[in-house]
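Inspection log for the structure reproduced underneath, given as structure tokens.
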Amino acid sequence: MAGSAPGNGPSTPATDKRFAAREWHTNPVYRTLQQIYLLASDWLLQQGDVDGMDEAEQQRITFHLRQFVDAMSPALILLSNPVALRRAVETGGTSIAAGAANLAADLQAGRLSMVDMEAFAPGRNLALTPGKVVHRNRLMELIQYAPTTKTVHKTPLLILPPWINKYYILDMQPKNSLVRYLVEQGFTVFLISWKNPDASMDEIGIEDYMELGPL
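Position in the sequence shown counted from 1, then plus 120, gives you my numbering.
This is the structure:
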């Protein structure tokens with residue numbers, strides 16, 4: 121978390137963006153709050169270092185301690201975050217209302233959103249390489265992408281994305297699409313798109329994925 125500077129309390133790493141605002145260093149109240157937090161964090165994290173403890177268990181304890189310490193940062197609390205308070209004043213409270221709306225949306229969705237869930241969508245700004253579904257079964261769709269070159273490689277390529285990933289992980293935007301790169305090199309590409317698992321697939325096993333996928 122932070123190292124100790126003799127006589128000045130714990131120092132804040134230059135890379136710690138949580139305390140980058142000038143108030144954390146110039147305002148006595150915020151600086152004191154920051155120092156108390158860093159001291160308490162250092163002490164708590166040291167409690168996970170126990171002699172004789174199994175290494176895996178110690179790593180697990182340290183992980184949970186760090187999660188707790190990070191969650192307790194005063195920078196995450198509105199009333200003790202100078203940047204958030206300044207922003208609230210500048211926007212006439214609009215920023216607080218927007219934050220409350222985001223919280224309500226997260227609670228309704230049952231999960232915390234770290235990004236705009238509507239920012240990307242296949243066919244709009246993802247998976248833009250032209251292709252067509254040539255085969256479909258209960259676990260997957262097989263998409264074929266035709267080469268864009270005059271000369272074509274005789275042997276096509278079959279790509280199997282991980283079962284936990286969407287197929288367009290390999291066909292993001294044009295500048296970072298593996299599929300687009302391959303068709304521009306003269307390859308015919310076949311790409312499997314796995315079905316999103318649901319309750320109706322509770323009896324599906326690894327063997328089914330193998331038989332209905334690559335086999």
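From the three backbone atoms N, C-alpha and C, an ideal C-beta is built for every residue, glycine too.
- Where Met-330 is concerned, the enclosing alpha helix (DSSP H) starts and stops at 326-332.
- For the options Leu-158, Ser-215, Ile-263, the alpha carbon positioned closest to that of Asp-190 is the one of Leu-158.
- For Phe-310, the uninterrupted beta strand (DSSP E) run begins and ends at 309-314, by DSSP.
- For the beta strand (DSSP E) assignment, the uninterrupted runs of no fewer than 3 residues enclosed by the region 246-310 are, from N- to C-terminal side, 252-256, 260-265, 277-279.
- Per the coordinates, the alpha-carbon of Val-253 lies some 14 Å from the alpha-carbon of Tyr-288.
- Excluding five sequence positions before and after Pro-194, the CB atoms of its chain that fall closer than 6 Å to its own CB belong to Leu-153, Tyr-157, Ser-200, given in chain order.
- The continuous alpha helix (DSSP H) containing Glu-143 extends over residues 143-146.
- Taking C-alpha positions only, Leu-164 is separated from Phe-183 by approximately 12 Å.
- For the set Thr-249, Arg-138, Ala-224, the Cα lying nearest the Cα of Pro-294 is the one of Thr-249.
- A check of alpha carbon separations from Tyr-301 across Ala-266, Ile-181, Gly-219 identifies Ala-266 as the nearest.
- In the structure shown, Met-321 adopts helical secondary structure according to DSSP, grouped into three states.
- Shown here for Val-203: same chain residues with a beta carbon closer than 6 Å to its own, the five before and five after excluded, namely Ala-141 in chain order.
- Under the three-state reduction of DSSP output, Thr-152 falls in the helix class.
- In this structure, Leu-259 sits away from Tyr-150, with a CB-CB distance that is not shorter than 8 Å.
- DSSP places Val-209 inside the alpha helix (DSSP H), whose first and last residues are 202-210.
- Cβ-Cβ separation between Ile-324 and Pro-281: approximately 17 Å, too far for a contact (criterion under 8 Å).
- Counting along the chain, Arg-231 sits inside no alpha helix (DSSP H), nor does DSSP assign it H or E at all.
- In this structure, Ile-284 is the residue among Ile-284, Asn-147, Asp-291 with its C-alpha nearest to the C-alpha of Asp-318.
- DSSP places Ser-193 outside both helix and strand once states are collapsed to three, so it counts as coil.
- Scanning its chain for C-beta atoms nearer than 6 Å, with the 5 sequence neighbours on each side dropped, one finds no residue around Thr-211.
- By the neighbour-count criterion, in which a residue is buried when 16 or more other Cβ atoms sit within 10 angstroms of its Cβ, Ala-247 is buried.
- CA-CA distance, Met-173 to Phe-188, rounds to 21 Å.
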